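Just so we're aligned, residue 4 is where the sequence shown starts under our numbering, counting upward by one. Every residue gets a Cβ at the ideal spot worked out from N, C-alpha and C, and that includes glycine. Quantities reported herein were computed from a predicted structural model and do not represent experimental measurements.
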Amino acid sequence: MNFFKIAIYKGDNHYKIENQDFRKTSYSSFEIPNDITFEDNKTSPRLTFIKCKFDDFTIHSNSYYTNDSFSLRFEECLFDNFNNEQQSTYGPVTNKEFSGEYLYINIINCFIKSELKIKNVNTLSFYNSFIKTVSLINIENLKITIGNNLPIKDRPEYIVELGKYEDLSGFNRFHIINCLNITISSTKKCKSYLKEIKDLNSFIITMLKLVEGSEISIKNFVFKSLEIRGTFNHDIEIQNSSIQNLLLDTYSNSKKSLFYNVNNIEKTESLISITNSDLNQVTFDNLFFNEYAIIHLFRNTFENSKLIGCDFPESIKEFNKIHTVENIKELKNKAPNYYKVRYETFLQLKNVLEKSGNYYEAQKFKAASDEALKKIPRLPYTDKIILELNGLSNQHGQSFLQTFVMFICSTILLYCLYLCALGFKFQLFGAFDSDLVNYYFTFIDITHKRDFISNSKNNIIIKLGFWALFIDYLSKVIIGYLIYQFIAAFRKYGKK
């Protein structure tokens, strides 16, 4: 392969190349050799490319300099491939990787069409760049930033190149593995622009080994998806960000984790999934669960986590968007203990919310847990009846209005049956007897006498038969139960 090699001489600490189109040369690849040295150790040597275009860019060497750091900087460059000596087939293009223990890489306002793998780099910074799938491994300092001057807006060469990629869904997919000191951010002004770009910015952050003394900070960013896996010993902060698909899987952190002011950008097709995770040191502060179309919770520990200012589904029916299956892609394949897992999950969240003083949301999870409890197959039949009646009468203590409506409907029906049992006949176009309305209010008084109508009508003697007495006693039981349920729902904020 015919490489173009740059000559860097001893004593040069900053070398700059501008406005070069290496695609037009006879060289099949551009190479930075691994044998360059620098004499001046006072400042870090740097090689900068500005507004250059490459078919292939190749970096040789698995470790750079033993004593010096080396900065490699790209500004407004276009790449077809970003390569090194080792290569492997990956999709429609060739996937390449490069590494360097003392290497500092800055990629600013660049467009890279290929899949890229970077490992063992001291510092890596992306700013306003569009890149295909990127694998980042063992990077000590990682910074990904999108500012106000996005290249797609006002640089003609970007518009030409991006015109070939009208669907940007394949760009900015980051796989971050065992990286430290991660910072992902954008400016507030740019955040509103990012919301207009769908299917962009998918991140998977995985920690395969326990490393201490670092942090992960994500602020003012917009994600198509953000997935975090593994065991961390990091301070993790995710703040003021919009995430369409948020996934925590096998996640645990011995230090503090904070999710603050996290919302969703696409309510119809969105997911928040937390599975197999230990959330004992996690604080969810103003995370809008209710904005997600699907909420997936399975085998998590919430005991010492905090839920502050979070929004959850409002009604019991809306809790159907919360799924406690093992595989979210197989919702119909429910395990035999599905409702028991669902019941215990809701109880955990109820207890966490009560600890934080959010009794309003805790009550909703108590009601949802009761709905799940009554569907457990081995639950005694009598308990199922109790739970069914509680749900029917006041939504497990959530709605006194439902109890009031049920009270009016049931008492009117019972009163009409009672009158029929006494021998009264209803005529649609007959004379209206206003006394019947008065008798209704006496009827709903559970202390009324059995012959309250006979005593009211001095000239009428009404014989009380079996059905009249049965309906009368039945109505007293139902009215008493509904009054109790009404008071219980009305006092839901007065409970301890």
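Check                                                                                                                                                                                       : Outcome
Runs of 4 residues minimum, wholly inside the segment 324-396: which ones carry the alpha helix (DSSP H) assignment?                                                                        : 341-358, 362-376
Between S273 and N248, which are expected to be in contact by the criterion C-beta below 8 Å, what is the C-beta distance as a whole number of angstroms?                                   : 6 Å
Quick one: is G400 buried, meaning 16 or more other Cβ sit within 10 Å of its Cβ, or exposed?                                                                                               : buried
Specify, as a first and last residue, the run of the alpha helix (DSSP H) that Y442 falls within.                                                                                           : 438-446
Which residues share a DSSP beta bridge with M210?                                                                                                                                          : G233
Please go through the same chain and pick out, in chain order, the residues whose beta-carbon is closer than 7 Å to the beta-carbon of D238, but skip the five residues on each side of it. : E218, K258, K259
Does the pairing of the segment 293-302 with the segment 316-334 give three or more beta-carbon distances under 8 Å?                                                                        : yes
Just checking, does the segment 222-236 make contact with the segment 204-211 on the three C-beta pairs under 8 Å criterion?                                                                : yes
I456 and I482: beta carbons closer than 9 Å?                                                                                                                                                : no
When you compare each of V124, T385, E269 to I142 by their alpha carbons, which one comes out closest?                                                                                      : V124
Going by DSSP, what residue range makes up the beta strand (DSSP E) through T450?                                                                                                           : Taken as a continuous stretch (DSSP letters only), T450 belongs to no beta strand (DSSP E), as it is neither H nor E.
Write down the C-beta distance between L439 and I474 rounded to the nearest angstrom, noting that I regard them as a contact closer than 8 Å.                                               : L439 to I474, Cβ: 16 Å. No contact.
For a quick check, are the C-beta atoms of K343 and A371 less than 9 Å apart?                                                                                                               : no
Would you mind giving the Cβ-Cβ distance between I111 and S132, rounded to the nearest angstrom? I have them listed as a contact below 8 Å.                                                 : 7 Å
Per DSSP, F77 is paired with what?                                                                                                                                                          : F52, I110
Using three-state DSSP, classify Y18 as helix, strand or coil.                                                                                                                              : strand
Quick one: residues in its chain with C-beta nearer than 7 Å to the C-beta of S359, no 5 flanking neighbours on either side, listed in chain order?                                         : K309, L310, I311
Closer than 8 Å by C-beta to K387: which residues in its own chain qualify, once you throw out the five before and the five after it? Chain order, please.                                  : K377
Would the C-beta of N123 count as close to the ligand FMN, meaning under 8 Å from any of its heavy atoms?                                                                                   : Of ligands this structure carries none, so the ligand FMN is not represented either.
C182 and L139 look like a contact to me (Cβ under 8 Å); what is the Cβ gap, rounded to whole Å?                                                                                             : 6 Å
Nearest by alpha-carbon distance to S244: which of L356, L261, H451, N236 is it?                                                                                                            : L261
Nearest by alpha-carbon distance to E118: which of L395, K54, F82 is it?                                                                                                                    : F82
Could you give the distance in angstroms between the alpha-carbon of N283 and the alpha-carbon of L477?                                                                                     : 51 Å
From L404, S413, I180, pick the residue whose C-alpha is nearest to that of A492; which is it?                                                                                              : L404
Under a Cβ-count criterion, where at least 16 other Cβ atoms within 10 Å of its own Cβ denotes burial, should C412 be classed as buried or exposed?                                         : exposed
What is the DSSP secondary structure of S478, reduced to helix, strand or coil?                                                                                                             : helix
Quick check: the Cα distance between Y254 and F57, rounded to an integer number of angstroms?                                                                                               : 40 Å
Is DSSP giving Y295 helix, strand or coil here?                                                                                                                                             : coil
Taking all protein chains shown into account, decide if D24 is buried (16 or more other Cβ within 10 angstroms of its Cβ) or exposed.                                                       : exposed
Between the Cα of I241 and those of S189, K270, S280, spot the shortest distance and give me the residue it belongs to.                                                                     : S189
Specify the secondary structure class of R176 as computed by DSSP and reduced to three states.                                                                                              : strand
Name the two residues that bound the continuous beta strand (DSSP E) containing L145.                                                                                                       : 144-149
Pull up the distance between the alpha-carbon of E391 and that of E317, whole angstroms please.                                                                                             : 20 Å
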